[in-house]
C-alpha cells in the first residue's frame, strides 16, 4: 500500500491560502428515502432537521441527552430510564425512537435489529401501542410492540448479538458479491443448493481449486491505527494480518450451525423480502452488490455467512472487502493549509532550477504533501511547491486551501464542513480553524446542473440525519447494484449524503452520482465529529430539538 507523508511538512513554513441519480430523482424521493432508512413511517417531512439546543459530544460522538424535553411533565421515577436499568431491544430491522410517546410525533432516531437500549421500568403511555411506550436513554420513546420488546429472551435478541464496531472504519466485516448469490432463508441441504444455484458443481470445483486466490486478503481500513478522535496515527502494516475464515466472515470463532438455524429457521423474518416460514430462499443478490456480515458457520460441507437482516449467503460467491487505507491529515498538529493529496498513480516531484521539468522522484498514490503556497508555470504545466523544495503538477493533486473569505458563520468554535468540487477536498473547521483535511470524490459530472446530471448540489446545508450503516441503491452511489449497510452515512439535503465508499479507492477524483464519497477512515472521522452526536446504543439519529442541530455543510466550486 502507498506510504503516507512521503513529503514531510516544513514546520517553519507559514500557512498561505491560495447520491442519487439526478437531482430531480433526489427531489422526488427527498426525505422519503430517509424515511425508508429508518423504517415505515407516515410522513417524510417528519425527518427534516429542526433547530434545537446543542449538546456536547464525548470522545466517540456519544452524547448525554438525559435532561427532560421542554414542557414535559415530570415522570414517575419508575418510568425514568437510568444507567444500568432494564433494557428494551429491536426485533425488526429498525425500531423507531419518537420524540414523544406518540407515533405522530417526530422521529429522532432508531435502533438496529438485535440492539438494545436502557429503558424505564414502566411504560409512560399505552396509546396506539399495545406493549406501551418506554422512555429510553438518552432521550425519546420506543413502542414495545411489533418493532421492539422488553423480553430480552426474544429469539431475535438472542440470535443477532453482533453489533457494529463503532471504533472501526469498517464497522462490520464486508463483502462484495462476485457471482449471483442466493439469499437463503435457512441453512439449505446440498440437494436444495443444487436446486437453487445454477451450475453449482463446477462452481464448487473451481472454488476449491482457486479459493486462496479468490479470497486473497489485503491490508484494509481497519488495519490503520487511530487515535481517540479517529485520526490515523501510524501506517498500515505492509502485509495483511492473518485472519481465519470465521473472522473474515463475521464469526465468533465457532463454525457450528447456530441454534436458530438448526433443524430449520427458528427466528422471524426481518428482511424487507417477505417469505413464508417454509421458504428455502428469499431472492438473490446481484453481482457486485455489497453486504455486511454478522455471523458464519459451516454446514453441508460449505461455509455460509449471515447478513445483518438474518439471511444467509454462501461464502464461495462473495469476496471479502477491507476498504482503503487512505486517510486525511490532522490539521491541529504539524500540517497547515495549503495541503494536497496525490490523486494520480504516476505522479512525480520535479526540480525546476533550470526552468524545465526534471524528475526528482516518484510520488506515491494518495501521499499527503505539505505545500508552501507558491506556484509557477513551465510550458503548459502549472506546478505547486512542496515544503521540501520540489515541485508537483497541480493536476496530479487534490489541493486544500483556506478560502480568502470565510463564511459569516465561521466564528468562535462553530463546527462546519467545507467541500470544494474543483479541488475534490473536504476540510473540517471549528470557527476559522481547520482541524482536518482530506480528499473526496464528488459527483462525476463536476459543476454540471445537479437536476439533470450526476453533479453534487452546491450551497449551504445542515446535517439532517446520521446512520452508522444503511442501504443505498444504484441511484445514490456509483454502483449498478444495491449496497447494503454503507458505513457512516450523513444526509444533508434530499438524497445527498456524505458516506464511506469502500468500493473504490479513487478519492480526489469525481466519480459519484452526487454524494460525497469518503474513504472509510475519513468517513468515520467526520461522522464522529459532526452533530447531532450519535447516542449510545442507537444506530441512527435525526437532527431534532432533543438531539441537537446538524453541522453546517458548505459546498462550493
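Residue numbers (the working numbering): 9 to 565. Even glycine gets a Cβ: it sits at the ideal position worked out from N, Cα and C. Source: prediction; values computed, not measured.
By a C-beta neighbour count over all protein chains shown, 10 Å radius and 16 as the cutoff for buried, is residue 320 buried or exposed? buried
Need the endpoints of the alpha helix (DSSP H) that residue 164 sits in, please. 163-167
Through-space distance from residue 301 to residue 96, alpha-carbon basis: Their backbone Cα atoms lie some 23 Å apart in a straight line.
Cβ-based neighbour list, residue 228, same chain, cut-off 6 Å, excluding 5 preceding and 5 following: 330, 331
Coil, strand or helix - residue 88 by DSSP: coil
Would you mind listing the alpha helix (DSSP H) stretches within the segment 234-281 that are 4+ residues and don't spill past its ends, in chain order? 253-256
Based on Cα-Cα distance, which residue from 430, 334, 115 lies nearest to residue 245? 334
Take residue 109 and list the residues in its own chain whose beta-carbon comes closer than 6 Å to its own, dropping the five residues that flank it on each side. 132, 133, 141, 149
With a Cβ-Cβ cutoff of 7 Å, do residue 446 and residue 453 count as a contact? no
Closest to residue 118 by CA distance: which of 413, 257, 328, 547 is it? 547
Three-state class that DSSP yields for residue 203 in the structure shown: helix
Buried or exposed: where does residue 429 fall if 16 or more other Cβ atoms within 10 Å of its Cβ makes it buried? buried
Are the CB atoms of residue 568 and residue 306 nearer to each other than 7 Å? A question about residue 568 goes unanswered here, because the residues of the chain that appear run from 9 up to 565.
Inter-stretch contact (C-beta, 8 Å, three-pair minimum) for the segment 199-219 and the segment 511-528: no
Would you say the beta carbon of residue 260 comes nearer than 6 Å to a heavy atom of the ligand ZN? Of ligands this structure carries none, so the ligand ZN is not represented either.
Leaving aside the five residues before and after residue 480 along the sequence, list all residues of the same chain whose C-beta is less than 6 Å from its C-beta, in chain order. 491, 494
Since I believe residue 182 is in contact with residue 510 (beta carbons under 8 Å), could you give me their beta-carbon distance rounded to a whole number of angstroms? 6 Å
State the beta-bridge partners of residue 306 as determined by DSSP. 311
With a Cβ-Cβ cutoff of 7 Å, do residue 474 and residue 549 count as a contact? Yes, these two residues count as a Cβ contact at 7 Å.
Where does residue 31 fall in DSSP's three states? Its pLDDT being 42, under 50, residue 31 is placed unreliably by the model, and the measurement read from it follows with that caveat. Of the three classes helix, strand and coil, the one that applies to residue 31 here is helix, per DSSP.
Just how far apart, CA to CA, sit residue 106 and residue 206? If I take the Cα positions, the gap works out to 46 Å.
In terms of residue numbering, what span does the beta strand (DSSP E) encompassing residue 96 cover? 95-98
At which residue ranges does the segment 121-198 contain complete beta strand (DSSP E) runs of 3 or more residues, listed in the order of the chain? 124-126, 141-143, 149-151, 182-185, 189-192
Between 381, 191, 350, 250, which has its C-alpha nearest residue 231's C-alpha? With distances taken between Cα atoms, residue 231 lies closest to 250.
What first and last residue would you give for the beta strand (DSSP E) that runs through residue 536? No beta strand (DSSP E) holds residue 536; the alpha helix (DSSP H) holding it covers 528-537.
Sequence-distant residues of its chain with Cβ nearer than 6 Å to residue 497 (five each side left out): Excluding positions up to five away in sequence, the list reads 475, 478, 505, 507.
Residues in the same chain with beta-carbon distance under 6 Å from residue 204, minus the five sequence neighbours each way, listed in chain order, please. 190, 289
As a quick exercise: from 397, 532, 386, 502, pick the residue whose alpha carbon is nearest that of residue 176. Nearest option by C-alpha distance: 532.
Within 7 Å, strictly: CB atoms of residue 451 and residue 520: yes
Whole-number beta carbon distance between residue 420 and residue 397, since they are thought to touch under 8 Å: Not quite, the Cβ-Cβ distance comes to about 37 Å (not below 8 Å), so this is no contact.
With distance defined between alpha-carbon atoms, name the residue in 379, 367, 516 nearest to residue 350. For residue 350, the nearest C-alpha among the options comes from 516.
When DSSP labels each residue in this structure, what does residue 58 get in the three-state scheme? With a pLDDT of 28 at residue 58, under the threshold of 50, the modelled position of this residue cannot be trusted, and the question is left open.
So, under 8 Å CB-CB, residue 444 and residue 336 are touching, yes? Tell me the CB distance rounded to an integer number of Å. Confirmed, about 6 Å.
Pick from 375, 344, 192: whose alpha carbon is nearest that of residue 293? 192
Span of the beta strand (DSSP E) holding residue 437? 433-438
Could you give the DSSP three-state label for residue 211: helix, strand or coil? helix
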